[in-house]
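Engineer:
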Amino acid sequence: MKLRFPGFKILDRYILGKFLATYFFAIAMIIVVVVLFDYVEKIDDFTELHAPLNEVIFDYYLNFIPFFINQFSGLFTFIACIFFTSKMAYQTEIVAMLSGGMSFRRLMWPYFLGALIIGSLSLTLNLWLIPISQRHIVNFESQYIKRKQNAKFNRHIYRQIEPGTFAYIRGYNDGSQQASFLALEEYYSGTMTRSLEAADVKFNPETKRWTAPRYTKREFDSLGVEKFEQFRNLDTLINLEVAELGEINDLIQTMNITELNEFLDQQRAKGSDSINIIEVEKHARFAYPLSTFILTLIGVSLSSRKVRGGTGLHIGIGTGLCFSYILFNRFFEEFAKSGTLPPGLAVWLPNIIYLFIAIYLYRKAPK
0 MKLRFPGFKI LDRYILGKFL ATYFFAIAMI IVVVVLFDYV EKIDDFTELH
50 APLNEVIFDY YLNFIPFFIN QFSGLFTFIA CIFFTSKMAY QTEIVAMLSG
100 GMSFRRLMWP YFLGALIIGS LSLTLNLWLI PISQRHIVNF ESQYIKRKQN
150 AKFNRHIYRQ IEPGTFAYIR GYNDGSQQAS FLALEEYYSG TMTRSLEAAD
200 VKFNPETKRW TAPRYTKREF DSLGVEKFEQ FRNLDTLINL EVAELGEIND
250 LIQTMNITEL NEFLDQQRAK GSDSINIIEV EKHARFAYPL STFILTLIGV
300 SLSSRKVRGG TGLHIGIGTG LCFSYILFNR FFEEFAKSGT LPPGLAVWLP
350 NIIYLFIAIY LYRKAPK
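Sequential numbering of the sequence shown, starting at 0, is according to numbering that gives the first Met the number 0.
(1) Considering only C-alpha positions, which residue in the set L195, N138 and Y171 is nearest to T164?
(2) Can you name the residues that DSSP bridges to Q177?
(3) Could you give the first and the last residue of the continuous beta strand (DSSP E) run that contains I406?
(4) Drop a sphere of 10 angstroms on the beta-carbon of S290, count the other beta-carbons inside from all chains shown, and report buried for 16 or more, exposed for fewer.
(5) CB-CB under 7 Å to L236, same chain, minus the five flanking residues each way: which ones, in chain order?
(6) Check each candidate in E246, F334, I277 and H49 and name the one with the smallest Cα separation from E261.
(7) Could you give the DSSP three-state label for P51: helix, strand or coil?
(8) Taking the alpha helix (DSSP H) that R267 falls in, what are its first and last residues?
(9) According to DSSP, what are the bridge partners of R217?
(10) Taking only three categories from DSSP, how would you classify P341?
(11) Look at V346 and H282 and say whether their C-beta atoms are less than 7 Å apart.
(12) Please determine, among N232, N138, F230 and L244, the residue with the shortest C-alpha to C-alpha distance to A178.
(13) Out of curiosity, what's the CA-to-CA distance linking G270 and E161?
(14) Contact between the region 18-34 and the region 56-68: three or more CB pairs below 8 Å?
(15) When the Cα atoms are used, what is the spatial distance from L344 to D220?
(16) How far does the alpha helix (DSSP H) with R299 in it reach, from first residue to last?
(17) Assuming contact is defined by CB atoms lying nearer than 7 Å, are A445 and N275 in contact in what I supplied?
(18) Just to confirm, are N125 and R284 a CB contact at a threshold of 7 Å?
(19) Just to confirm, is the Cβ distance from N255 to P130 under 7 Å?
(20) By the 10 Å Cβ neighbour count, where 16 or more other Cβ atoms means buried, how is G118 classified, buried or exposed?
(21) On the CB-based measure, 16 or more other CB atoms within 10 Å of its CB, does M0 come out buried or exposed?
(22) Cα-Cα, which of N203, A242, Y361 and P288 is closest to G113?
(23) Do three or more CB pairs link the region 86-106 to the region 37-50 at distances below 8 Å?
(24) Could you say if the region 215-234 and the region 185-194 meet the contact criterion of at least three C-beta pairs nearer than 8 Å?
(25) Given a cut-off of 7 Å, decide if Q159 and D58 are closer than it, judged by their beta-carbon atoms.
(26) Using a Cβ-Cβ cutoff of less than 7 Å, which residues in the same chain neighbour S132 once the five nearest sequence positions on both sides are dropped?
(27) Between the Cα of L115 and the Cα atoms of L250, F103 and S72, which residue gives the shortest distance?
(28) Using three-state DSSP, classify F330 as helix, strand or coil.
(29) DSSP three-state label for G245, please.
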């Protein structure tokens, strides 16, 4: 028994099939090329650090593929749309459809169904699957990629653990679970009021406590006069997970949407300075899949008209628009991370701008 959609005709199946086939073929071809180039670039590290072949294939490249598909999904949706639509336009197939009484709006139906399939795949990858694959990639790179081996944790880590209280940790080593220096600082109205400092501190993952053989307490009065005392055997609990000591961007990319929301709530309670970065990641996971519909509308509207330059001209104009969309995305995200723009507005603004472009092109397309 065949699955049928209301009003879904042979022509719709033809367009949808062409759309999805072109999209997945383009993705598959570029994945092969990218994997080969990446392997050639990293083969020295794999050989020198004795990376097992099964881990290279299954832990690294098999998890790399979903990330790559999602990263360039919008671009290849756009290219697929333009490629086969402009080919149909050049062969006057679209003219025949419109002359036969089909409206341009009706022509968009199979395209939007294809965009729904691709967008749903992208959303699922973004929210749930890519964070899982990123964990495998991060673990693999920390073992077998030289430049990544010591990049998991920052040399100097400064985090706000609650409003007015900051933790500074230097030289944390995940293997020994030790840091060369720890300082807890309390501020009032921008002025430090007291601090606790210790060298050679050790973290206990079971109790979540930090210990050191000796430590120093410093207090500052309203005139800035310092008073300090030295003690033995530090044993303290800090409102800071070891995972938070790493690069914040690497950390949040390994979280699914539920974990990301929980982490965002925790950082808000602490008054963390990383809130904007986390919110940008959260909004981007929803905004990027929805851009599939916008880019599809632009692609069809651009390439449905037969022009002298043919497919090449359509692909050139379309690719320029698509890359400008990606550039706008990165541009506004950096503004959001720096606090210049609200994260929600910054992430969704490119979609809003290009939605207006899509509507304009749609109205100018052949009716």
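Note that the Cβ used here is the ideal one computed from N, Cα and C, for glycine as well. What you are looking at is a predicted structure, and each value in this text was computed from that prediction instead of being measured.
Structural biologist: The short version:
(1) The residue you call residue 164 lines up with position 165 of the sequence shown. Comparing C-alpha distances from T164 to each of L195, N138 and Y171 shows the shortest one belongs to L195.
(2) Along the sequence shown, one-based indexing puts residue 177 at 178. DSSP, once it has assigned bridges, lists N172 and K201 as partnering Q177.
(3) Outside the displayed span of the chain (0 to 366) sits residue 406, for which this structure offers no information.
(4) In the sequence shown, residue 290 corresponds to position 291, counting from 1. Buried, because 16 or more other Cβ atoms sit within 10 Å of the Cβ of S290.
(5) By 1-based counting over the sequence shown, the position of residue 236 is 237. Result list for L236: K207 and R208, in chain order.
(6) Position 262 of the sequence shown, counted from the first residue, corresponds to residue 261. It is I277 whose Cα lies nearest to the Cα of E261.
(7) Here residue 51 corresponds to residue number 52 of the sequence shown, with the count starting at 1. Three-state result, P51: coil.
(8) By one-based count along the sequence shown, residue 267 stands at place 268. Counted as a single uninterrupted DSSP element, the alpha helix (DSSP H) harbouring R267 occupies residues I256 to K269.
(9) Against the sequence shown, residue 217 aligns to sequence position 218. Under the DSSP definition of a beta bridge, R217 partners with S194 and F227.
(10) One-based indexing of the sequence shown puts residue 341 at position 342. If DSSP states are grouped into helix, strand and coil, P341 belongs with coil.
(11) Locating residue 346 in the sequence shown gives position 347, counting from the first residue. Locating residue 282 in the sequence shown gives position 283, counting from the first residue. Result yes, Cβ atoms of V346 and H282 sit closer than 7 Å.
(12) Your numbering for residue 178 matches position 179 in the sequence shown. Checking every option, the nearest Cα to that of A178 belongs to L244.
(13) Counting from 1 along the sequence shown, the entry for residue 270 is found at position 271. Counting from 1 along the sequence shown, the entry for residue 161 is found at position 162. Looking at the backbone, the Cα of G270 and that of E161 are separated by about 6 Å.
(14) yes
(15) Within the sequence shown, the letter at position 345 stands for residue 344. Within the sequence shown, the letter at position 221 stands for residue 220. Their Cα atoms are separated by approximately 43 Å.
(16) Numbered from 1 along the sequence shown, position 300 holds the residue referred to as residue 299. A small correction: the amino acid at residue 299 is Val; Arg does not occupy that position in the sequence shown. Element bounds for V299: I274 to S302.
(17) What the structure shows of the chain is the stretch from 0 to 366, and residue 445 is not part of that stretch, so it cannot be assessed.
(18) Working through the sequence shown from its first residue, we reach residue 125 at position 126. Working through the sequence shown from its first residue, we reach residue 284 at position 285. Cβ distance < 7 Å, so N125 and R284 count as in contact.
(19) Indexing the sequence shown from 1 puts residue 255 at position 256. Indexing the sequence shown from 1 puts residue 130 at position 131. Result yes, Cβ atoms of N255 and P130 sit closer than 7 Å.
(20) By one-based count along the sequence shown, residue 118 stands at place 119. So G118 ends up on the buried side.
(21) The count along the sequence shown starts at 1 and reaches residue 0 at position 1. For M0, the predicted model reports a pLDDT of 46, less than 50, meaning its position is unreliable; a value from the coordinates is still stated below. Counting of Cβ neighbours within 10 angstroms places M0 among the exposed residues, the total staying below 16.
(22) The residue labelled residue 113 in the question sits at position 114 within the sequence shown. When each option's Cα is compared against that of G113, the closest is P288.
(23) no
(24) yes
(25) Walking along the sequence shown from the start, residue 58 turns up at place 59. Walking along the sequence shown from the start, residue 159 turns up at place 160. The Cβ-Cβ distance between D58 and Q159 does not fall below 7 Å.
(26) In the sequence shown, counting from the first residue as 1, residue 132 sits at position 133. Within the same chain, S132 has close Cβ partners N62, P65 and F66.
(27) If you number the sequence shown from 1, residue 115 lands on position 116. The option with the nearest alpha carbon to L115 is S72.
(28) Here residue 330 refers to the residue found at position 331 of the sequence shown. Helix at F330.
(29) Reading the sequence shown from its first residue, position 246 is the one you call residue 245. G245 falls in the strand class under three-state DSSP.
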